Structures are given as structure tokens and as C-alpha cells.
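Colleague:
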Amino acid sequence: MVTTRFAPSPTGRLHVGNIRTALHNWLLAKKQGGRFLLRIDDTDAERSREEYVEAIRADLVWLGLEPDGEERQSARFGHYEAGFAALREAGRIYPCYETAQELELKRKVLLGRGLPPIYDRAALALGEAERAEKEAAGIAPHWRFRLDHDAAIEWDDGIRGPQHFNPAQMSDPVVRRADGSWLYMLPSALDDIEMGVTDVLRGEDHVSNTALQIQMFEAMGAKPPRFAHEALLTGSEGKLSKRLGSLGVADLREAGIEPEALVALLARLGTSLPVEPIAEREVIVESFDLSTFGRAPARFDEAELHRLNAQIVHRLPFARVSHLLPQGMGEAAWEAIRPNLTHINEAADWWRIITGPVEAPAFDEETRAYLTAAADTLAGDGWGEDPWHALTGALKTTTGRKGKALFLPLRQALTGMDHGPDMAQVLPLIGRHEALARLRAAAR
Ligand code: GLU
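In terms of this note's numbering, the sequence shown opens at residue 88 and continues consecutively.
In C-alpha cells form, the structure reads like this:
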């Protein structure tokens with residue numbers, strides 16, 4: 088069974104970039120009838136906050152990306168100890184005693200000679216006695232994973248195609264700090280094994296981590312998962328903007344963005360598929376395909392999101408939005424008003440126009456006479472299936488008016504507005520009694 092995971096650190100709210108990663112992992116799993124797991128990467132107790140864990144869960148629910156399971160790294164320290172001990176036993180993890188300054192100096196020397204700043208494995212060469220000496224001097228070691236220089240690192244990336252890394256050109260990564268705390272790499276690989284993750288889909292900033300982790304999977308006796316790395320998201324101006332890095336569900340929701348719009352945009356941004364106002368999740372799932380992903384950065388444009396939102400709002404059925412609408416606003420009103428909205432929260436403004444009171448403009452004498460004729464027609468003709476067309480049809484014959492002269496004063500008198508939803512749908516919602524009152528008031 089295909090299993091994907093989304094692994095945020097709860098050090099802040101989700102932003103558009105990691106919402107996109109979550110969505111793609113959810114889609115990858117659902118497309119194949121698989122599982123989508125949430126892994127809370129909270130090994131850093133200092134920076135992790137419970138409120139962010141809750142916010143991440145709530146944001147995923149709002150987006151319709153409920154996980155099929157959840158793990159927390161802070162509850163798995165025992166597993167990391169065990170994995171660490173086994174790798175140490177196998178000679179794949181070794182203690183190092185260099186200070187940050189010493190390491191920095193080594194780097195500078197190599198760079199100064201025009202060489203890549205690869206860790207020289209000096210600590211690997213230390214003998215038992217030298218190590219004991221360091222420890223006796225009170226130096227606690229940090230720990231590195233020993234790469235196997237003879238095993239070329241290769242994988243067929245789901246987006247980037249065949250990848251090849253030479254481990255001899257990479258530094259043995261530090262996996263644990265001197266204070267015993269964990270760096271992200273080893274716990275993540277171990278979690279992926281124990282959670283049965285089959286597919287890791289993440290940003291291309293993780294490509295070199297993947298190279299290192301592939302050897303960790305192998306050292307732990309596991310087959311590495313499939314990997315795919317997507318191009319990063321940039322702002323419309325082409326660089327990773329501050330705004331994008333903080334723009335999250337709360338802001339978008341506040342701005343009237345519907346989850347369907349965000350999902351429709353982020354599912355296809357950076358792919359060869361067209362961004363379309365698709366409100367049906369099944370259609371998004373069905374069309375999701377890693378082979379459509381491009382290598383160029385995906386550009387996120389807030390204006391495009393709002394345009395897409397409007398198109399999606401025009402399609403949303405009443406049942407999906409009823410809880411977001413003003414008290415008393417029913418399906419017919421939603422269908423009448425929907426085409427005029429960019430955001431659902433604007434529905435309240437139009438609903439007030441239907442329920443009244445409205446303020447019509449001051450009309451000239453001739454128009455007032457016309458509105459009196461309209462009121463008389465409405466009073467006399469009854470109120471059929473389609474009162475608007477009956478009314479305007481009759482007025483056209485009796486007054487000779489047509490086009491704007493026929494329609495606009497009626498709209499203004501009935502709604503107080505020059506534009507708005509289709510009057511044929513609005514008039515029945517206003518109702519006969521109220522419509523008559525509004526026409527008479529405007530004609531006075
Ligand atoms: N917590 C890591 C991050 O947010 C997870 C990366 C991964 O998907 O492995 O970068």
C-alpha cells in the first residue's frame with residue numbers, strides 16, 4: 088500500500104509552500120488508494136509549540152487533507168536511541184570531538200585551496216586512547232554517520248529523473264549533537280522505515296539530504312522509499328518573498344479564499360496541467376501525476392488565487408456553503424447571488440439587498456411616473472411563475488420603453504443598486520408585497 092507523509096516542524100503556522108507539499112503528498116496517496124500520514128517533527132523542544140501542532144491539524148482539516156494517521160517525533164526518542172545504537176555497533180556512526188571553530192577553520196583552509204569543504208574524517212582515525220583522553224577532558228562528542236564511499240548513490244527521482252551522487256564527495260553528516268539532541272536526518276529516515284512510508288515527496292532543497300538518507304536506509308537494512316523532489320514555490324515576482332513565507336491558512340481564510348480554490352491552484356501550479364476552477368476533489372485526485380511536474384520554480388500569484396476563488400465560488404453548491412451564509416438565506420438566494428461573488432463573505436451584502444430595507448436613488452418625474460406604472464402593473468397582474476419577465480414584458484408594451492430605460496429604474500427602485508444578480512431570480516426572493524412597497528416608495 089502506498090504511504091506518504093507530511094512532516095512539518097511545529098515551529099510556526101503552515102504557509103503556502105508547505106501546504107502545497109502536504110497537498111501533493113495527500114494527492115499522491117489518494118490517487119493510489121493509499122495512506123497519508125502526518126508526522127510532527129518536534130524533536131526541537133525549544134522551538135516547537137503545542138499551539139502550532141493544533142493549528143497544523145486544524146489547517147489540514149480545513150483543506151480537506153485529513154491524515155490517516157499521526158506520529159510525533161518527540162514520542163519516538165526511544166526508537167532513535169535504538170537505531171543509533173545499532174548503527175554505532177555496526178561502525179556506521181562515530182564520535183567526533185572538533186569544536187565548531189575547528190571545523191570552520193578546516194573548511195576555510197580547504198576552500199582557500201580551492202577544494203570542496205568535505206569533512207576530513209579526522210575523528211574516525213582517533214584511537215581508543217585518544218577518545219578516552221577527550222572524554223576525560225570533559226569533551227562530549229557529537230556524532231557523524233559514516234558514508235560508504237564505495238556505494239554509489241543513485242535513485243530515479245519521480246520528478247527529476249535519474250540522480251547520481253558520489254558519497255566520497257560528501258561530508259559524513261552529523262546526526263546527533265553533543266548535548267544528545269537529534270538532527271533531522273536520521274530520525275526521519277528511521278521514521279520512514281517504521282511508518283512504512285513508500286513515497287517521499289518534498290522540496291528540492293532536500294535533494295542532497297536524500298542522497299545521505301539513502302545510505303542511512305541501506306545501513307538500517309531497509310529498502311529506501313521512492314523519492315520525488317519538487318521545484319520550490321516562488322512569489323509572482325520570481326523570488327521567495329517574505330509574504331509567501333508567512334502567508335497561511337488563517338490569512339487566506341480571512342481574505343475569503345475557499346479551500347477548494349487553494350487546492351485547485353496548488354495542485355497544478357508548476358505542472359503542465361492547466362490551473363482550472365475545479366471544485367470537485369475527485370477530479371483533482373484523478374489528474375494528479377508526478378510526470379506533469381516541471382523543474383522550473385512554481386510561481387504563486389495571489390491575484391490568480393482570488394480569480395480562481397471567484398470562479399470556484401460560482402460553482403459551489405448550496406449544501407457546501409450554507410453554513411457560511413447569513414441566517415435565512417436559502418438555496419434560491421444562493422443561486423441568484425453566487426455569480427456576483429468573488430468571495431463567499433460578500434453574500435451578506437447582496438442578501439441585505441433582498442431582505443431590505445434598500446435606499447433607491449432620487450428619480451426624476453418621468454421615471455417616477457414609470458415606476459408608478461410598474462407598481463400598478465405588478466398589483467394588477469398578479470404574481471406568476473416568472474414575475475420579472477411578466478412585468479417587464481407588460482411595461483415594454485404599455486410604455487414603449489426598452490433596454491436600459493426599461494430595466495435600470497426597476498433595478499434601482501427594487502435593489503438600490505445599478506448592477507447585481509439577475510432580476511428574474513431576485514424579484515421572487517424580494518416577494519410581491521415588498522416589491523410593491525419598494526416601487527411605490529421610489530415613485531413618491
Ligand atoms: N521536518 C522536515 C522539514 O520540514 C521534513 C522534511 C521531510 O519531508 O523529510 O523540512
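Ideal Cβ positions, reconstructed from N, Cα and C, are used throughout, including at glycine. Remember, it's a predicted structure, so these values are computed and weren't measured experimentally.
Inspect the CB distances between the segment 295-309 and the segment 182-191 and report whether three or more fall short of 8 angstroms.
Modeller: Segments in contact, no.
Colleague: Based on DSSP bridge pairs, tell me the residues matched to F123.
Modeller: Within the sequence shown, numbered from 1, the residue matching residue 123 stands at position 36. Looking at the DSSP assignment, F123 forms a beta bridge with T91.
Colleague: Hey, is V284 close to the ligand GLU, as in C-beta under 7 angstroms from one of its heavy atoms?
Modeller: Within the sequence shown, the letter at position 197 stands for residue 284. Every heavy atom of the ligand GLU is 7 angstroms or more from the Cβ of V284, so no.
Colleague: Confirm, please, whether the CB-CB distance from L352 to L412 is below 8 angstroms.
Modeller: In the sequence shown, residue 412 corresponds to position 325, counting from 1. In the sequence shown, residue 352 corresponds to position 265, counting from 1. Cβ distance not < 8 angstroms, so L412 and L352 don't count as in contact.
Colleague: Near D243, what residues of its chain come up, given a Cβ to Cβ distance below 7 angstroms and the 5 sequence neighbours on each side ignored?
Modeller: Counting from one through the sequence shown, the residue named residue 243 turns up at place 156. Closer than 7 angstroms at Cβ, skipping near neighbours: P249.
Colleague: Please classify Q414: does DSSP put it in a helix, a strand, or coil?
Modeller: One-based indexing of the sequence shown puts residue 414 at position 327. If DSSP states are grouped into helix, strand and coil, Q414 belongs with coil.
Colleague: What does the alpha-carbon distance come out to for the pair A434 and I424?
Modeller: The sequence position of residue 434 within the sequence shown is 347, counting from 1. The sequence position of residue 424 within the sequence shown is 337, counting from 1. So the alpha carbons of these two residues sit roughly 7 angstroms apart.
Colleague: Note the first and the last residue of the continuous beta strand (DSSP E) segment covering I240.
Modeller: To locate residue 240, count along the sequence shown from 1; it is residue 153. I240 -> beta strand (DSSP E) spans I240 to D244.
Colleague: Quick check for students: name the residue ranges of the beta strand (DSSP E) that lie wholly in the segment 163-222, counting only runs of 3 or more.
Modeller: Runs found: 180-183.
Colleague: According to DSSP, is G490 helix, strand or coil?
Modeller: The sequence position of residue 490 within the sequence shown is 403, counting from 1. Helix, per DSSP.
Colleague: Any heavy atom of the ligand GLU within a distance shorter than 7 angstroms of the CB on A94?
Modeller: Translated into the one-based positions of the sequence shown, residue 94 becomes position 7. Yes, since a heavy atom of the ligand GLU falls inside the 7 angstroms radius drawn around the Cβ of A94.
Colleague: Using a Cβ-based criterion (distance less than 7 angstroms to any ligand heavy atom), does Y139 qualify as near the ligand GLU?
Modeller: The sequence position of residue 139 within the sequence shown is 52, counting from 1. No; taking the cut-off as 7 angstroms, the Cβ of Y139 has no heavy atom of the ligand GLU nearer than that.
Colleague: Is it buried or exposed for N112, if we count other Cβ within 10 angstroms and need 16 for buried?
Modeller: Translated into positions along the sequence shown, residue 112 becomes position 25. N112 is buried by the Cβ-count criterion.
Colleague: Given M272, which residues of its chain have a CB within under 8 angstroms of its CB, disregarding the five upstream and five downstream residues?
Modeller: What you label residue 272 is simply residue 185 of the sequence shown in a count that begins at 1. Counting only Cβ-Cβ distances below 8 angstroms, and skipping sequence neighbours, we find F232, P260, V262, N296, L299, Q300 and M303.
Colleague: Helix or strand or just coil, what does DSSP make of H430?
Modeller: Counted from its first residue, the sequence shown places residue 430 at position 343. Of the three classes helix, strand and coil, the one that applies to H430 here is coil, per DSSP.
Colleague: Do P274 and Y167 count as a contact pair if the criterion is CB distance below 8 angstroms?
Modeller: Translated into the one-based positions of the sequence shown, residue 167 becomes position 80. Translated into the one-based positions of the sequence shown, residue 274 becomes position 187. Yes, these two residues count as a Cβ contact at 8 angstroms.
Colleague: From the DSSP output, in three-state form, read off R263 for me.
Modeller: Along the sequence shown, one-based indexing puts residue 263 at 176. Correct three-state label for R263: strand.
Colleague: Which runs of the beta strand (DSSP E), 3 residues or longer, sit entirely within the segment 346-408?
Modeller: If we require 3 residues or more, the beta strand (DSSP E) runs fully inside the segment 346-408 come out as 385-387.
Colleague: To the nearest angstrom, report how far apart A265 and E341 are at their CA atoms.
Modeller: Looking up residue 265 in the sequence shown gives position 178. Looking up residue 341 in the sequence shown gives position 254. Going from the Cα of A265 to the Cα of E341 covers about 44 angstroms.
Colleague: Under the three-state reduction of DSSP, which class applies to T130: helix, strand or coil?
Modeller: Translated into the one-based positions of the sequence shown, residue 130 becomes position 43. If DSSP states are grouped into helix, strand and coil, T130 belongs with coil.
Colleague: Cβ atoms of L458 and A522: under 8 angstroms apart, would you say?
Modeller: Residue 522 sits at position 435 when you count from the first residue of the sequence shown. Residue 458 sits at position 371 when you count from the first residue of the sequence shown. Contact flag unset, no.
Colleague: Please confirm whether any heavy atom of the ligand GLU lies closer than 7 angstroms to the CB of Y167.
Modeller: Reading the sequence shown from its first residue, position 80 is the one you call residue 167. No; taking the cut-off as 7 angstroms, the Cβ of Y167 has no heavy atom of the ligand GLU nearer than that.
Colleague: Starting from A449, trace the beta strand (DSSP E) in both directions and tell me its first and last residue.
Modeller: The count along the sequence shown starts at 1 and reaches residue 449 at position 362. It is not in any beta strand (DSSP E) - A449 carries neither H nor E in the DSSP assignment.
Colleague: Under three-state DSSP, which class holds T285?
Modeller: The count along the sequence shown starts at 1 and reaches residue 285 at position 198. Reduced to three states, the DSSP call for T285 is coil.
Colleague: May I ask whether a heavy atom of the ligand GLU can be found less than 7 angstroms away from the beta carbon of S275?
Modeller: Counted from its first residue, the sequence shown places residue 275 at position 188. Yes, the Cβ of S275 comes within 7 angstroms of a heavy atom of the ligand GLU.
Colleague: Tell me whether D338 counts as near the ligand GLU, meaning its Cβ is closer than 7 angstroms to at least one heavy atom of that ligand.
Modeller: Counting from one through the sequence shown, the residue named residue 338 turns up at place 251. No, Cβ of D338 sits at least 7 angstroms from all heavy atoms of the ligand GLU.
Colleague: Have a look at R289 and H236 and give me their C-alpha separation to the nearest angstrom.
Modeller: Numbered from 1 along the sequence shown, position 202 holds the residue referred to as residue 289. Numbered from 1 along the sequence shown, position 149 holds the residue referred to as residue 236. Cα-Cα distance, rounded: 26 angstroms.
Colleague: Residues in its own chain within less than 8 angstroms of S161 by CB, not counting five upstream and five downstream?
Modeller: Within the sequence shown, residue 161 is the residue found at index 74, counting from 1. I127, D129, T130, A132 and S135.
Colleague: How would you label R200, buried or exposed, when you count the other beta carbons within 10 angstroms and need 16 or more for buried?
Modeller: Residue mapping note: residue 200 aligns to position 113 of the sequence shown, counting from 1. Exposed, by the Cβ-count rule.
Colleague: In the DSSP assignment, find the unbroken alpha helix (DSSP H) run with H520 in it and report its ends.
Modeller: Locating residue 520 in the sequence shown gives position 433, where the first residue counts as 1. First-last of the alpha helix (DSSP H) with H520: R519 to A530.
Colleague: Tell me whether the beta-carbon of T90 lies closer than 8 angstroms to the beta-carbon of A116.
Modeller: Along the sequence shown, read from residue 1 onward, the residue named residue 90 stands at position 3. Along the sequence shown, read from residue 1 onward, the residue named residue 116 stands at position 29. In contact: T90 and A116 (Cβ atoms closer than 8 angstroms).
Colleague: Closer than 7 angstroms to a non-hydrogen atom of the ligand GLU - does that hold for the CB of Y206?
Modeller: By one-based count along the sequence shown, residue 206 stands at place 119. Outside the cutoff, so no.
Colleague: Hey, would you say A492 sits closer than 8 angstroms to L478, going by beta carbons?
Modeller: Here residue 492 is taken as the residue at index 405 of the sequence shown, counted from 1. Here residue 478 is taken as the residue at index 391 of the sequence shown, counted from 1. Cβ distance not < 8 angstroms, so A492 and L478 don't count as in contact.
Colleague: Return the first residue and the last residue of the alpha helix (DSSP H) that G104 is part of.
Modeller: Here the question's residue 104 lines up with position 17 in the sequence shown. V103 to K118 is the span of the alpha helix (DSSP H), which, as asked, contains G104.
Colleague: Considering only their Cβ atoms, is the gap separating D278 from R163 smaller than 8 angstroms?
Modeller: Position 76 of the sequence shown, counting from 1, holds the residue named residue 163. Position 191 of the sequence shown, counting from 1, holds the residue named residue 278. For R163 and D278, yes; Cβs fall inside 8 angstroms.
Colleague: I need the boundaries of the beta strand (DSSP E) containing T321, first residue and last residue.
Modeller: For the purposes of this step, residue 321 is taken as residue 234 along the sequence shown, with counting starting at 1. T321 -> beta strand (DSSP E) spans L320 to G322.
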